[in-house]
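Each remark here refers to the structure printed beneath this line.
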Amino acid sequence: MRVILMTGKGGVGKTSVAAATGLRCAELGYRTLVLSTDPAHSLADSFDLEMEHAPREIRSNLWGAELDALQELEGNWGAVKRYITQVLQARGLEGVQAEELAILPGMDEIFGLVRMKRHYDEGEFDVLIIDSAPTGTALRLLSLPEVGGWYMRRFYKPFQNISVALRPLVEPFFKPIAGFSLPDREVMDAPYEFYEQIEALEKVLTDNTQTSVRLVTNPEKMVLKESLRAHAYLSLYNVATDLVIANRIIPQEVQDPFFQRWKETQEQYRQEIHDNFLPLPVKEVPLFSEEMCGLAALERLKETLYKDEDPTQIYYKETTMRVVQVDKQYSLEIYLPGIPKNQIQLSKNGDELNITIGNHRRNLVLPQALAALQPGGAKMEEDYLKIRFTDIVKV
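Position 59 of the sequence shown, counted from 1, bears residue number 1031 in this note's numbering, the numbering being contiguous throughout.
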């Protein structure tokens, strides 16, 4: 299955681009699903059709769906939801309030990943196009497999084993006092089963022969800066970007003096988009004279974007991480375009290398060849963070 994730700052037009890409893929005969995982869904508005949690056929070979966290929760984590509701009701909350609060923060992102994994396993579609949340939320989604694995390995699995073993002994005394039961095995197993699905999906997300991110941006200062940061953070999580789409460029035929300053500013940022994302290819899309709403408008966008091209192709094979051996020393090289070295913090703990950039942190499990070595220095060179590893000095 080919997986294409569309992301970008809120309002740049990524939903329209995702929908138009779906139209072209379906036209070429690929069974295509466009899935919105953004809590503020707009995919239905883009197609100008009603959308539900289950895939709805839009035309031949094309389906659309909008993730419903409540349905996904009930269908996949019903036992946990019922237990959390029971605990909250025992603390005095009404039934409806308890059920609403049973949806924990961040569940939308988790269910988005689980839904992707389910479609991947079922193999019903040839192409899965994800209309993801704006970049900040999308990056949290991509970091979940690694962050979740850290907590599961160190805290949850030991706690799970202890809880299951002690439950028969403690339950007779616990329930009369607390007003609710301790979690049973079904409840305790559910989070770990979720983690196993997400961990398996990570292998798909980081396989650049199957999965690509398409960054949608506008020729504006704030949007461009966020797009550049997103590109670097995606590389940090070893997720490859293969295409940048610069959207809403004012056409040359617009000669109204009101837009002259806008056109001059856009010209500057258009050049910066090409320069800063090099060698990634950039597609430019004009500002249309109509809303990108409905199939007719999306057909125009599809023609502008792809013409006779196949959107499932890999436009650029980006190498986000590599290990290089030079003069009997190893160097771990991570592609972090546009990130100054002084914004990067590194530390090593056992077989993990901790990389922090701003508020994004990755605990990278090192290859066996590097795990027994110590970092011996780092430098930025040609947008790669190059970390040199040396033998541990024995005293």
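Idealized CB from N, CA, C, for every residue including glycine. Being a predicted model, the structure only gives us computed values, none of them experimental.
- Here Ile1221 has Pro1191, Gln1238, Arg1242, Glu1256, Val1257, Pro1258, Leu1259 as same chain residues with Cβ atoms under 8 Å from its own Cβ, once five neighbours each way along the sequence are excluded.
- Take the alpha-carbon of Ser1104 and the one of Met1088: they are about 11 Å apart.
- The three-state reading of DSSP puts Met1352 in strand, counting E and B together.
- DSSP, read as helix, strand or coil, puts Asn1314 in helix.
- Distance from the Cα of Thr979 is smallest, within the candidate group Leu1250, Leu1005, Leu1206, Glu1096, for Leu1206.
- If you draw a straight line from the Cα of Gly1266 to the Cα of Gln1317, it is about 47 Å long.
- With respect to Leu1085, Ile1030 sits apart: the two C-beta atoms are not nearer than 8 Å.
- Under the 8 Å Cβ criterion, the stretch 1351-1364 counts as touching the stretch 1301-1313, having at least three qualifying pairs.
- Contact between the stretch 1280-1288 and the stretch 1213-1227 is present, with at least three C-beta pairs closer than 8 Å.
- Closest in alpha carbon position to Ser1319, among Gln1297, Leu1345, Val1296, is Leu1345.
- For Ala1218, the uninterrupted beta strand (DSSP E) run begins and ends at 1213-1221, by DSSP.
- Of the candidates Phe1230, Gln1232, Leu1196, Leu1196 places its Cα closest to the Cα of Ala1218.
- Using a Cβ distance threshold of 8 Å, Glu1044 and Phe1083 count as a contacting pair.
- Judged by DSSP secondary structure, Lys1193 falls outside any beta strand (DSSP E) and instead within the alpha helix (DSSP H) spanning 1193-1208.
- For Arg1272, the enclosing alpha helix (DSSP H) starts and ends at 1267-1278.
- Under the three-state reduction of DSSP output, Asn1335 falls in the strand class.
- If you look at Glu1256, you'll find it isn't in any alpha helix (DSSP H); it sits in the beta strand (DSSP E) that goes 1254-1258.
- When DSSP reads this structure, Phe1361 sits in a beta bridge with Tyr1302, Pro1347.
- Put simply, the backbone Cα of Gly1095 is about 12 Å away from that of Val975.
- Cβ contact annotation for Lys986 (same chain, cutoff 7 Å, sequence separation greater than five): Met978, Thr979, Gly980, Asp1103, Val1188, in chain order.
- In the DSSP assignment, Leu1007 falls within the unbroken beta strand (DSSP E) covering 1004-1008.
- Taking the CA atoms as reference points, Lys1358 sits about 26 Å from Arg1186.
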